[in-house]
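Under numbering that gives the first Met the number 0, the first residue of the sequence shown is numbered 0, with each subsequent residue one higher. Even for Gly, the Cβ is constructed at its ideal location relative to N, Cα and C. A short write-up of the structure that comes next.
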Amino acid sequence: MMRKITSIALFVLFSVATFSQIPSGYYSTAEGKTGATLKTALFNIIKTHTVRTYSNLWTDFQTTDKRTDGKVWDMYSSCSLTFVIDQDNGSGGTSECEKYNREHSFPNSWFNGDQASPMYTDLFHLYPTDKKVNNTRSNYIYGVVLTPSYTSSNGCKLGSSDPATGFSGTVFEPINEYKGDFARSYFYMATCYEDKIAGWASYATEAQAILAGNSFPAYKAWYVTLLLGWCQQDPVSQKEIDRNNAVYSIQGNRNPYIDHPEYVQAVWGTNTGVDNVNSLSHVSIYPNPAKNEISVEALNTKADDLKIVNVTGNTIIQTTYDGGEKTIDISKLNPGVYIVIISGKTFRNATKIVIY
């Protein structure tokens, strides 16, 4: 009897382990592609999926967003909310830790219609969150807060944006631990709904701040920079991997940017508005990606100027440079994509770097 039980347990364990893996050949049609071509290949892979009803989500969350202690995994607060019991029933939620509800991380007003299908119930951008914090976030874009007017129990902020990001206005900033989660959700939305997103830019004022009005790159340059930086800053976690597998068991599609984090750079890293120009083999910039500092070395060139610009063309750092090796402090720069430009009388070299 014990042997039979053990055999069953091993079978279940093996089945779960096998099921949680990426299906063989799932991304085969995406191999060898980059940029818009890769994004379209991924679109064709993930676009078809089971559409959930809005009421289904309450049950789905019990599979996709359960903490190890059985409580709701809320990325907006530090509350310990209980499934079903603390579910939003139309009342409460004026203070944190009273109720949880269904948060469209990519607000539903942005895709023209409160119940536009299938986006409205797509679990890859829907999360259970504290009702109070969710209502405070409203439809504001995710960004970097300079001056907070509200801070949640786990450190999420609402307030005026840091203008260094390329945007001035009110934004909501998740905590560092989950910035990559939300960034990869946004890249998923731009991919899974590649055939729709170009038309969303005119539906809401907030959406107009980040959407480019096209299918690729889908987001404005400053926002691509922000999302790329967040993906670097907060790599894929076990939580995301487990959730990706759970959603796959429900919807039948996957978030490719969780399965293959390198796809983020492969799609958007080459489309930041400025590519490497006049790239010289004897110009070296390392490390890349970088965090606190970079070393620049230009051999056998008569350089006289070095500057770092963001993807909108604004100069962030500028200094004199006479060739040789030079260390540049980048510790005060926000995560994202930048361009290092070294120039002299007879040449100009631009190299793209990622700061995380």
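Threonine 219 to leucine 225 span [Cα, whole Å]: The amino acid at residue 219 is misidentified as threonine; the sequence shows lysine. Looking at the two C-alpha atoms, the distance is approximately 10 Å.
Taking the alpha carbon of valine 50 as the point to measure from, which residue in Arg183, Leu125, Thr39 has its own alpha carbon closest? Among Arg183, Leu125, Thr39, the Cα nearest to that of valine 50 belongs to Leu125.
Note down, in chain order, each residue of its chain lying with its Cβ closer than 8 Å to the Cβ of glutamate 95, except the 5 sequence neighbours on either side. Ser76, Cys78, Asp129, Lys131, Val132, Ser151, Ser152
Rounded to a whole number of angstroms, what is the C-alpha to C-alpha distance between asparagine 313 and alanine 297? 23 Å
Where does glutamate 30 fall in DSSP's three states? coil
Every unbroken beta strand (DSSP E) inside the region 152–200 [3 residues or more]: Here the runs fully enclosed are 156–160, 169–172.
How big is the Cα-Cα spacing for threonine 62 and alanine 40? 29 Å
Just to confirm the assignment, what range does the alpha helix (DSSP H) spanning tyrosine 256 have? 255–258
According to DSSP, simplified to helix, strand and coil, what is leucine 210? Three-state result, leucine 210: strand.
Does the region 227–238 come into contact with the region 170–186, if we say contact requires no fewer than three beta-carbon pairs (one atom in each stretch) closer than 8 Å? yes
If I measure Cβ to Cβ from valine 276 and keep anything under 6 Å in the same chain, skipping five residues before and after, which residues do I get? Bear in mind that a pLDDT of 38 at valine 276, under 50, signals an unreliable position, so the model cannot answer this.
Span of the beta strand (DSSP E), counted from its first residue to its last, around leucine 125: 125–129
Cβ pair aspartate 59, isoleucine 257 closer than 9 Å: no
Apply the 10 Å Cβ neighbour rule to lysine 331 and answer buried if 16 or more other Cβ atoms are within range, or exposed otherwise. exposed
Using the Cβ count rule (16 or more neighbours within 10 Å means buried), how would you classify tyrosine 320? buried
Determine the burial state of tyrosine 262: buried for a count of at least 16 other Cβ atoms within 10 Å of its Cβ, exposed for fewer. buried
Residues bridged to histidine 103 by DSSP? DSSP, once it has assigned bridges, lists Leu125 as partnering histidine 103.
In the DSSP output, what is leucine 305 paired with across the bridge? Paired residues: Thr318, Ile341.
In terms of alpha-carbon separation, which member of Asp68, Pro162, Ala163, Gly158 lies closest to phenylalanine 171? Answer by Cα proximity: Gly158.
Could you work out which residue in Thr169, Pro255, Asp161 is closest to leucine 145 when comparing CA atoms only? Asp161
Closest by C-alpha distance to asparagine 134, when choosing among Asn175, Met118, Asp87, Gly142: Asp87
Using the three-state DSSP reduction, which class does aspartate 328 fall into: helix, strand or coil? strand
CB-CB under 8 Å to threonine 93, same chain, minus the five flanking residues each way: which ones, in chain order? The residues are Lys131.
Once DSSP output is grouped into helix, strand and coil, what is the label at leucine 298? coil
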